[in-house]
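Asks: Numbered according to the working numbering, the sequence shown terminates at residue 232, and the numbering increases by one at each position without gaps.
Input: one structure, supplied below.
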Amino acid sequence: MGIKRQFHDESGSRIADNMRFRDEIDGHTDRAAAIIATVALDGMLSVMLEQFFVGDSLAKDFLSPEQPIGTFSAKIKLSYLVRLVNESVYKDLQLIRKIRNDFAHTLTLTGRSGKHEYLTFGSQSILDRCKLLTTPETHPPLDMQTIESNPALALSTRIPRLPPPTDPRERFIHTCETLIAVFLNAAVAFGNETPAIPRGSTITATFLDYTPPLDTQPSADPDQGVASDEQ
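Structural data, given as structure tokens:
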């Protein structure tokens with residue numbers, strides 16, 4: 002019998018911690034929210050890759066921070082190269098990484114008044130990157146109020162959804178939250194004795210099945226005009 006790639010206790014604990022990040026974010030500054038959400042996303046990306054690889058213990062070591070592919074940047078590229086994520090999700094992950102790095106490494110900016118201002122989601126550079134995120138348009142938030150009033154809608158092919166968020170902080174957090182759910186579903190599927198996702202199929206094609214209107218599918222290159230950093 003082959004190796005059954007199932008969640009071990011430590012992975013289960015990490016998943017529970019990552020899924021609580023919304024509670025951690027509420028009431029925190031923009032800087033803390035960006036870093037917490039990205040840590041949760043990075044952690045779930047690692048869990049998915051561990052389940053995708055053969056042998057959990059070796060995969061965990063292979064993805065540890067001191068290894069060449071242990072950085073968030075390397076894991077994003079690896080996920081794209083092995084076709085776990087499609088191009089639009091790859092670009093969103095790169096945008097999230099760059100936004101996280103901005104908050105982690107830049108304390109203040111010089112505002113229009115010439116005074117130093119703390120970096121926030123309202124800062125122009127962060128705002129511009131959040132506008133480039135495509136997940137809010139390709140997978141808008143669920144209309145939970147409508148679904149709770151009619152639970153059968155949750156099983157419908159036309160699940161009620163809200164308009165894509167326009168607030169930059171909410172666009173960022175919604176993108177992280179959505180991709181965490183996608184990576185979790187993929188990790189569970191890969192953890193089965195017989196993987197539920199065919200090799201060569203992107204997980205986003207499997208779990209992001211919402212088809213948005215044609216006029217709400219922005220396309221942009223997150224690397225355009227942005228200096229490269231590998232974290």
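The C-beta atom is built at its ideal place from N, Cα and C for all residues, glycine as well.
Measuring CB to CB, does Arg-130 end up less than 8 Å from Ile-36?
Replies: Working through the sequence shown from its first residue, we reach residue 130 at position 129. Working through the sequence shown from its first residue, we reach residue 36 at position 35. No. Outside cutoff.
Asks: Is it true that the CB of Ala-60 sits closer than 8 Å to the CB of Leu-50?
Replies: By 1-based counting over the sequence shown, the position of residue 50 is 49. By 1-based counting over the sequence shown, the position of residue 60 is 59. Yes.
Asks: Using the Cα positions of Ser-74 and Asp-93, report the straight-line distance between them to the nearest angstrom.
Replies: Along the sequence shown, read from residue 1 onward, the residue named residue 74 stands at position 73. Along the sequence shown, read from residue 1 onward, the residue named residue 93 stands at position 92. Each residue's alpha carbon lies about 12 Å from the other.
Asks: Would you decide whether Gly-201 is buried or exposed? Buried here means 16 or more other CB atoms lie within 10 Å of its CB.
Replies: The sequence position of residue 201 within the sequence shown is 200, counting from 1. A caution first: Gly-201 carries a pLDDT of 47, below 50, which makes its placement in the model too unreliable to give a value.
Asks: What three-state label does DSSP hand His-29 in the structure shown?
Replies: Here residue 29 is taken as the residue at index 28 of the sequence shown, counted from 1. Three-state result, His-29: coil.
Asks: Determine the direct distance from the alpha carbon of Leu-134 to that of Gln-146, and round the result to whole angstroms.
Replies: Position 145 of the sequence shown holds residue 146. Position 133 of the sequence shown holds residue 134. For Gln-146 and Leu-134, the distance between alpha carbons rounds to 25 Å.
Asks: Assuming the contact rule is C-beta atoms closer than 8 Å, Leu-64 and Gly-71 should be a hit. Round their C-beta distance to whole Å, please.
Replies: Locating residue 64 in the sequence shown gives position 63, where the first residue counts as 1. Locating residue 71 in the sequence shown gives position 70, where the first residue counts as 1. About 6 Å; that satisfies the 8 Å criterion.
Asks: If I follow the unbroken beta strand (DSSP E) through His-117, where does it start and stop?
Replies: Counting from 1 along the sequence shown, the entry for residue 117 is found at position 116. Element bounds for His-117: 117-119.
Asks: Give the DSSP-derived three-state secondary structure of Thr-176 in the structure shown.
Replies: Working through the sequence shown from its first residue, we reach residue 176 at position 175. Note: Thr-176 maps to helix in three-state DSSP.
Asks: Let me know the secondary structure DSSP gives Leu-85 once reduced to three states.
Replies: Numbered from 1 along the sequence shown, position 84 holds the residue referred to as residue 85. Reduced to three states, the DSSP call for Leu-85 is coil.
Asks: From Pro-142 to Ser-124, what distance separates their C-alpha atoms?
Replies: Walking along the sequence shown from the start, residue 142 turns up at place 141. Walking along the sequence shown from the start, residue 124 turns up at place 123. Those two C-alpha atoms are separated by around 24 Å.
Asks: Per DSSP, what kind of secondary structure is Arg-162 in: helix, strand or coil?
Replies: Walking along the sequence shown from the start, residue 162 turns up at place 161. Correct three-state label for Arg-162: strand.
Asks: For Ala-34, tell me which candidate among Phe-122, Leu-128 and Gln-52 has the shortest Cα-Cα distance.
Replies: By 1-based counting over the sequence shown, the position of residue 34 is 33. Minimum Cα distance to Ala-34 is reached at Phe-122.
Asks: Expressed to the nearest angstrom, what Euclidean distance is found between the alpha-carbon atoms of Tyr-211 and Pro-169?
Replies: For the purposes of this step, residue 211 is taken as the residue at position 210 of the sequence shown. For the purposes of this step, residue 169 is taken as the residue at position 168 of the sequence shown. Confidence at Tyr-211 is low in this model, with a pLDDT of 38, below 50, so the placement of that residue is unreliable and no value is reported for it.
Asks: What do you reckon, are the CB atoms on Pro-137 and Pro-166 nearer than 8 Å?
Replies: Indexing the sequence shown from 1 puts residue 137 at position 136. Indexing the sequence shown from 1 puts residue 166 at position 165. Cβ atoms of Pro-137 and Pro-166: closer than 8 Å.
Asks: Leu-163 and Asp-144 - do their beta-carbons sit closer together than 8 Å?
Replies: As a working note, residue 144 is residue 143 in the sequence shown. As a working note, residue 163 is residue 162 in the sequence shown. Cβ distance < 8 Å, so Asp-144 and Leu-163 count as in contact.
Asks: For my contact list, Val-48 and Phe-173 are in at a C-beta cut-off of 8 Å; report their separation, rounded to the angstrom.
Replies: In the sequence shown, residue 48 corresponds to position 47, counting from 1. In the sequence shown, residue 173 corresponds to position 172, counting from 1. That belief does not hold up - the Cβ atoms of Val-48 and Phe-173 are roughly 21 Å apart, past 8 Å.
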